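First residue of the sequence shown? That's 1143 in the numbering used here, and the numbers climb one at a time after it. The beta carbon of each residue, even a glycine, is placed where N, CA and C say it ideally should be. Nothing here was measured: the structure is a model prediction, and the numbers come from that model. Let me begin by presenting the structure, written as structure tokens, before commenting on it.
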Amino acid sequence: MLAGALHRSGIGVVVYEGEPSPDARAQGGLLDLHEHSGQQALHTLGLYHAFLTLVRPGEDAKRVVDRHGTVLLDRPGNAATASPEVDRGDLRRLLLNALPPEIVQWGRKVASVQGAGRGRHTVAFADGSAVETTLLIGADGAWSRVRPLLTDAQPAYTGTCFVELHVDADDPRAAPAAAVIGSGTLMAVAPGQGILAHRNADGSIHTYVAVNRPEEWLATALPITAAQIEVLFDGWSRSLRALITDGEKVPVVRPVYALPPLLTWPRVKGATLLGDAAHLMSPFAGEGANLAMREGSGTRACVDRPSRR
Ligand SMILES: Cc1cc2nc3c(=O)[nH]c(=O)nc-3n(C[C@H](O)[C@H](O)[C@H](O)COP(=O)(O)OP(=O)(O)OC[C@H]3O[C@@H](n4cnc5c(N)ncnc54)[C@H](O)[C@@H]3O)c2cc1C
């Protein structure tokens, strides 16, 4: 988003991306983009109408069930929702395709950054190469290599651990899973744990399992298998546990970390941060990607208001 905004303004920019290629990994679940942040950012870059073609209509439907699978709430999707849902991969492709390809250098994992005087910084890459910057913007997520230039703050574990699971669209188990989920997002919740699932645009099933566990658990229980996660959901209905055990891929464990709220730092010439690098927060706010997009686009800060529709 930021590279697009700078490029449109005629400012030369290079994105050093650690992943080896645009298709190196699936980008994860759906995002709902908010009117006054994520959507506003797309307007700024002239990408809003292209975004609308990627929106998953009705995907904002919500089904809430208890651990036995008893439906507590079944709210249909609203085609006119103010916060439409989009696949992360589709959104990233949209932003990438708006850039001349040479702007993004893939496989350029930053190993360290240090001041080089007069606001310049030396960025050293894992492949042994290095560049010197005139303005360095750390948009490198939770474990930013740029952040230590500005603050000693470190993300702290929030006590909740997410585990990401996936069922391929052509897997015969995807259809029964889709029936359990309904047309939008399924939330099966109980104190201290939950299962959140939805269908991706390609028909595959994406599930987040959330469990509250202390930090020591992370050290002893990981890596974890789907069968071991299922044990944590003993007594839950078979159809909900199937969302855990029926995945084809190895579970991806994502402990939830956050930076201290209202974190600030003294200005450092020639370096700044945006997105999770600046304000990593719990995903339960549903704001992290929206904020990162708003900052990247240069959209003036504003607060999301409830939809009038
Ligand atoms: C389970 C979960 C659900 C979420 N749901 C939502 C939601 O519904 N709505 C919402 O708005 N937000 C949500 N978020 C938050 C959202 O995903 C993040 O806030 C958002 O991705 C931040 O974007 P970013 O560009 O700052 O960082 P990232 O998305 O982490 O991107 C950082 C980029 O930098 C690259 N990188 C990292 N380190 C290096 C390095 N050393 N060298 C080179 N490149 C590097 C990475 O490969 C990546 O491409 C969720 C988060 C989680 C974990």
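Asked                                                                                                                                                          : Found
Do the segment 1174-1188 and the segment 1221-1229 make contact, defined as three or more Cβ pairs closer than 8 Å?                                            : yes
Does the beta-carbon of R1447 have 16 or more other beta-carbons within 10 angstroms, so that it is buried, or is it exposed?                                  : The pLDDT assigned to R1447 is 42, lower than 50, so where the model puts this residue is not dependable, and the model offers no usable value.
Do you know how far the Cα of P1393 is from the Cα of T1367?                                                                                                   : 7 Å
Would you list the residues sitting across from Y1399 in a DSSP beta bridge?                                                                                   : Y1299
In terms of residues, what are the limits of the beta strand (DSSP E) holding N1354?                                                                           : 1347-1354
Which one of I1347, N1432, R1289, F1375 has the shortest CA to CA distance from D1388?                                                                         : I1347
Looking at P1162 and W1248, is the spacing between their C-beta atoms short of 8 Å?                                                                            : yes
Determine the DSSP secondary structure at E1274, reduced to helix, strand or coil.                                                                             : strand
Could you say which of D1344, I1323, A1343, G1345 lies nearest to I1337 if we only look at CA atoms?                                                           : I1323
Roughly how many whole angstroms lie between the Cα atoms of R1451 and P1218?                                                                                  : Summary for R1451: the model assigns pLDDT 34, below 50, so the residue's position carries little reliability, and this model does not support an answer.
Just how far apart, CA to CA, sit G1231 and A1166?                                                                                                             : 11 Å
Rounded to whole angstroms, what's the CA-CA distance from D1313 to D1229? Just pull it up for me.                                                             : 20 Å
Is G1334 buried or exposed, if buried means 16 or more other CB atoms sit within 10 Å of its CB?                                                               : exposed
Flag N1432 as yes when its Cβ comes closer than 7 Å to any non-hydrogen atom of ligand 1, and as no otherwise.                                                 : yes
Leaving out the 5 sequence neighbours to the left and right, which residues in its chain are closer than 6 Å to L1148 when beta-carbon positions are compared? : V1155
Could you tell me the alpha carbon to alpha carbon distance between L1144 and G1170, rounded to whole angstroms?                                               : 21 Å
What I want to know is whether the C-beta of K1251 ends up closer than 7 Å to one or more non-hydrogen atoms of ligand 1.                                      : yes
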